[in-house]
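Participant:
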Amino acid sequence: MLRLIGARLLTTIPSIIGVIIVTFLLTRVLPGDTAAYFAGPTASPKAIAEIRSKLGLDQPLPQQFASYVAALVKGDLGQSLTTGQPVTRDIAARLPASAELTLCGLLLAMSVALPLGVLAAVRQGSWIDHLCRIIATAGVSLPVFFTGLLLVFVFYFILGWSPAPLGRLDVFLSEPPRVTGFLLIDTLLAGDFPAFRAAIAQLILPAVTLGIFSLAPITRMTRASMLAVLGADFVRTARASGLSSGKVIGVYAFRNAMLPVVTTLGMVFSFLLGANVLVEKVFAWPGIGSYAVEALIASDYAPIQGFVLTMAVMYVMLNLLIDLLYGFIDPRVRLEG
Amino acid sequence: MSESSGVQPALRVRQQAPSSPGLWTHGVHIIAENPVTGLAFGLFTLIVFAALFGPMIAPFDPLASNTAEALKGPTRVHWFGTDQLGRDIFSRVLVATRLDFTIAIASVALVFFLGGLAGVTAGYFGGWVDKLVGRIADTIMAFPLFVLAMGIVAALGNSVTNIIIATAIINFPLYARVARAEANVRREAGFVQAARLAGNSEWRLLLTQIVPNIMPIMAVQMSLTMGYAILNAAGLSFIGLGVRPPTPEWGIMVAEGASFIVSGEWWIAFFPGLALMIAVFCFNLLGDGVRDLIDPQRRT
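Rendered as structure tokens:
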């Protein structure tokens, strides 16, 4: 297993190098004055020249790349003009909010999509199957920011069930001491149940929005791969051996059907991390997505670059995790590794 | 040359065989069999009509503000209500169709050309071209795509052209991979070998034998990615990239209406969002329809 992890880690190195080169190219080589971007819209020519030499932009490109990588290794992503803080610190402070939201959204989607997809495959042609197909087509057509706004309108304005879509916690409640950065966990650790309930109330709508968004691809894939597996010889053999249908479906078929589903999770994460930005904007969620959007509006370039890099590295890591999970589910892959 | 013209008729038959006599009848059959596809074709016609004639048939000037009529819900005069400046939302939604449609078409056309060319060359010649194209595609795929698009637009500058470019870039791997696989399969096919023996140069083979044969599959790819292209562009303008405020565009109109949702003025964001949703839904259904029409084996 360790050897597998090592081998997989090696395969991520080219992706990481590619990601670093692209983020470097995005800032340095494209048309437009990078120093002017970093200095902000109101800077004087003198300040721009100063920043240019400070950033080393008057140096040859390979040297610039070397110093960029050197700064990255030290965890230096530059300074944000709007917050006045190092970008690394800003992102580290806001990352848990985004991670909590994304994970809850994904868990929600999986807890609906997996049973639905399995049921649709087992009872092919039934109303569940049709429901599954409608969800799969409608789900990919919904603009995620529009779903979010509709949910806010229905559950906040009309029904009044959920709190105002303004961040992670009601302003009148104090945040629990930061341990994991995940409010749901931190409030429980602090034993602060009203805050826990408030945090859940704030989280539900954005998480459901993300969940609806990622429901479609997971359901579709679960149904398709479950159908393929149910037609396989080993399932017929298991049935013929007199195993209960629950055991055949739940143990034999499901585990094998999960393999393609786990593979699609990589694609789902790509969409989810992007959708996260839009959902954070709709719900004023203080994560790294809204941080990047604020920076975009202020033409503050360092945070955007840091954000793109963080997201890409996270995505590469998630794909690594999915690869490992794949080996965990399927021993055949583990042996080859 | 006489030899190659001797080969040509046989090739022509082969190329046209999949679509020869009954594309029209087949299309009618597809629509009759699946009324949803028919609905999608109808919606598509409506969208194209709005894109072409929207500015002419809009009842109000989409930019004209009228503070006396601000923030009114849907009425008989203003079908979709008015926004905070009293602009008619129906007119704005209608006029915006052209811009959103143009962005989607332009970006898909761009990536069709670039990704298709790169993929075909990679799949046909192999070697370092293949490695290079594969590496570029892998690097793009290493990013969450929407995030990469944000980074590209932020770096290139905040304009509609750059939204088109960014949307094309993030779709590049998809097109390059499909084109590569299809070209690779056909590289040693009988009809290509025959044309090669007839003395055609490799580039000529690529353009006259390979490219026409993978067109149908690329067309399917195009219609399948149209919806995603519109969603992506609207998402970018929702967070304030590309399209500037007074311009009517669905994404930015939803963004403008977002702050009014909590106070109950739902129509400002609802109708542009609905238009966007219908357009994407239509393109997705249409993509499935086009696939059924051209490439029936890939039906799911």
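If you read the sequences in order, they're chains P and A.
Under our numbering, residues 9 to 345 are what the first sequence spells out, in order.
Under our numbering, residues 11 to 310 are what the second sequence spells out, in order.
Where is the CB? At the ideal position from N, CA and C, for every residue including glycine.
Bear in mind that the values here come from a model prediction, so they are computed numbers and not experimental data.
So what's glycine 297/A in DSSP terms, helix, strand or just coil?
Facilitator: Helix.
Participant: Is the beta carbon of leucine 111/P less than 9 Å from the beta carbon of alanine 128/P?
Facilitator: It is not a contact, given that the beta carbons lie outside the stated cut-off.
Participant: Spatial neighbours of threonine 20/P within its chain, please: CB distance less than 7 Å, with the 5 preceding and 5 following residues excluded, ordered by chain position.
Facilitator: If we look at threonine 20/P and ignore the five residues flanking it on each side, its Cβ neighbours are Val324, Leu328.
Participant: According to DSSP, which residues form a beta bridge with threonine 92/A?
Facilitator: In DSSP, threonine 92/A forms a bridge with Asp98/A.
Participant: To the nearest angstrom, how far is the alpha carbon of threonine 92/A from that of phenylalanine 270/A?
Facilitator: Approximately 12 Å between the Cα atoms of the pair.
Participant: Would you kindly check if the distance between the Cβ of threonine 35/P and the Cβ of arginine 113/P is under 9 Å?
Facilitator: In the sequence as presented, arginine is not what sits at residue 113/P; that position holds glycine. No, they are not a contact pair.
Participant: Contact check, leucine 90/P vs alanine 306/P under 8 Å by CB: the rounded distance?
Facilitator: One detail in the question is off: residue 90/P reads as threonine in this sequence, not leucine. So it is a contact: roughly 5 Å between Cβ atoms.
Participant: Excluding the five sequence neighbours on either side, which residues of its own chain have a C-beta within less than 6 Å of the C-beta of leucine 197/P, listed in chain order?
Facilitator: Val187.
Participant: Could you tell me whether the Cβ atoms of isoleucine 249/A and lysine 289/P are closer together than 9 Å?
Facilitator: In contact: isoleucine 249/A and lysine 289/P (Cβ atoms closer than 9 Å).
Participant: Am I right that isoleucine 257/P and valine 130/P are in contact with their C-beta atoms under 8 Å? What's the rounded C-beta distance?
Facilitator: Confirmed, about 6 Å.
Participant: Quickly, what does DSSP pair glutamine 87/P with across the bridge? List them, please.
Facilitator: According to DSSP, which records beta bridges pairwise, glutamine 87/P is partnered with Pro94/P.
Participant: Flag leucine 158/P as yes if its beta-carbon sits less than 9 Å from any beta-carbon of chain A, otherwise no.
Facilitator: Yes, contact with chain A.
Participant: State the DSSP-derived secondary structure class of threonine 257/A, mapped to helix, strand or coil.
Facilitator: Three-state result, threonine 257/A: coil.
Participant: Does arginine 187/A have its Cβ less than 9 Å from a Cβ in chain P?
Facilitator: No, its Cβ sits nowhere closer than 9 Å to a Cβ of chain P.
Participant: Taking Cβ positions only, does methionine 160/A come closer than 9 Å to chain P?
Facilitator: So, interface residue.
Participant: Since leucine 251/A meets chain P, which of its residues come closer than 8 Å, beta carbon to beta carbon?
Facilitator: Result: Leu304.
Participant: If you draw a straight line from the C-alpha of glutamate 13/A to the C-alpha of glutamate 192/A, how long is it?
Facilitator: Confidence at glutamate 13/A is low in this model, with a pLDDT of 40, below 50, so the placement of that residue is unreliable and no value is reported for it.
Participant: Between alanine 261/P and methionine 229/P, how many whole angstroms is the CB-CB distance? I'm expecting something under 8 Å.
Facilitator: Contact flag wrong, Cβ pair sits at about 15 Å.
Participant: Phenylalanine 279/P lies in the alpha helix (DSSP H); which residues open and close that run?
Facilitator: Start and end: 262–290.
Participant: Does any C-beta atom of chain P lie closer than 9 Å to the C-beta of isoleucine 271/A?
Facilitator: By this cut-off, isoleucine 271/A is an interface position.
Participant: Would you mind working out which of Ala248/P, Tyr334/P, Val316/P, Pro294/P sits nearest proline 268/P, comparing C-alpha positions?
Facilitator: Answer by Cα proximity: Tyr334/P.
Participant: Nearest to proline 173/P by alpha carbon, out of Leu158/P, Ser182/P, Pro185/P?
Facilitator: Comparing Cα positions, the closest option is Leu158/P.
Participant: Assuming arginine 141/P is part of the alpha helix (DSSP H), what are its boundary residues?
Facilitator: Where arginine 141/P is concerned, the enclosing alpha helix (DSSP H) stretches over 135–149.
Participant: For the alpha helix (DSSP H) containing lysine 82/P, name the first residue and the last one.
Facilitator: From DSSP, lysine 82/P is part of no alpha helix (DSSP H); its letter is neither H nor E.
Participant: In whole angstroms, what separates the C-alpha of isoleucine 337/P from that of leucine 251/P?
Facilitator: Cα to Cα, isoleucine 337/P sits roughly 22 Å from leucine 251/P.
Participant: Against chain A, with Cβ distances strictly below 9 Å, would glycine 26/P count as a contact?
Facilitator: Chain A, which has a Cβ nearer than 9 Å to the Cβ of glycine 26/P, makes this yes.
Participant: Taking all protein chains shown into account, decide if phenylalanine 293/A is buried (16 or more other Cβ within 10 angstroms of its Cβ) or exposed.
Facilitator: Per the 10 Å Cβ criterion, buried.
Participant: 9 Å is my cut-off, CB to CB: does glutamine 313/P come that close to chain A?
Facilitator: Glutamine 313/P counts as touching chain A.
Participant: What in chain A is Cβ-close to threonine 90/P, meaning under 9 Å?
Facilitator: Within 9 Å Cβ-Cβ: nothing; threonine 90/P doesn't reach chain A, min ~14 Å.
Participant: Quick one, which of Ile67/A, Ser75/A, Gly126/A has its alpha-carbon nearest proline 222/A's?
Facilitator: Of the listed residues, the one whose Cα sits closest to proline 222/A is Gly126/A.
Participant: Identify whether glycine 14/P lies in helix, strand or coil by the three-state DSSP scheme.
Facilitator: If DSSP states are grouped into helix, strand and coil, glycine 14/P belongs with the helices.
Participant: Quick check: what's the CA-CA separation for alanine 283/P versus glutamate 108/P?
Facilitator: Cα-Cα distance, rounded: 14 Å.
Participant: What is the DSSP secondary structure of alanine 240/P, counted as helix, strand or coil?
Facilitator: Three-state result, alanine 240/P: coil.
Participant: Is arginine 108/A near phenylalanine 70/A, with beta carbons less than 9 Å apart?
Facilitator: No; because the gap between Cβ atoms is not below 9 Å, this pair is not in contact.
Participant: Just tell me which of Val272/A, Glu275/A, Leu241/A, Gly274/A has its CA closest to the CA of isoleucine 262/A.
Facilitator: Residue Leu241/A is the option with its Cα nearest to isoleucine 262/A.
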